[in-house]
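J.: Structure provided below as structure tokens; questions to follow.
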Amino acid sequence: MTIGLSIALIVASILMIMLVLLHRAKGGGLSTLFGGGVSSSLGGSSVVEKNLDRLTIAVGIIWFTCIVGLGLLLKN
């Protein structure tokens with residue numbers, strides 16, 4: 002169980018890093034490399050940005066759950 006949570010934590014951590022880097026900052030961020038600059042220049046808050054926010058929150062919840070689960074397992 003500990004190994005499974007550790008692997009899930011590593012995968013969630015890598016996904017969190019990628020998702021945070023894809024968010025559009027004031028300067029454009031890395032999302033402009035993948036075509037995010039075109040859709041964001043057409044409108045204020047695009048559907049892509051909202052979905053990226055939702056995905057980041059979901060991965061963050063998974064990441065937090067893995068941290069708490071590992072903490073509880075390693076405490077015993």
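Count the sequence shown with the working numbering and you get residues 2 to 77, in order.
Don't be surprised by glycine CBs; every beta carbon is placed ideally from N, CA and C.
(1) In angstroms, rounded to a whole number, what distance separates the CA positions of Ile-4 and Leu-71?
(2) Quick one: is Ile-13 buried, meaning 16 or more other Cβ sit within 10 Å of its Cβ, or exposed?
(3) Going by DSSP, what residue range makes up the alpha helix (DSSP H) through Ser-7?
(4) Judging by CA-CA distance, which residue of Glu-50, Ile-62 and Ala-9 is the nearest neighbour of Leu-22?
(5) Excluding the five sequence neighbours on either side, which residues of its own chain have a C-beta within less than 8 angstroms of the C-beta of Ala-9, listed in chain order?
T.: For this structure:
(1) 9 angstroms
(2) It is worth fixing the name first, because residue 13 is Ala in this sequence and not Ile. With 16 or more Cβ atoms within 10 Å of its Cβ, Ala-13 is classed as buried.
(3) 3-23
(4) Glu-50
(5) Ile-63 and Cys-67
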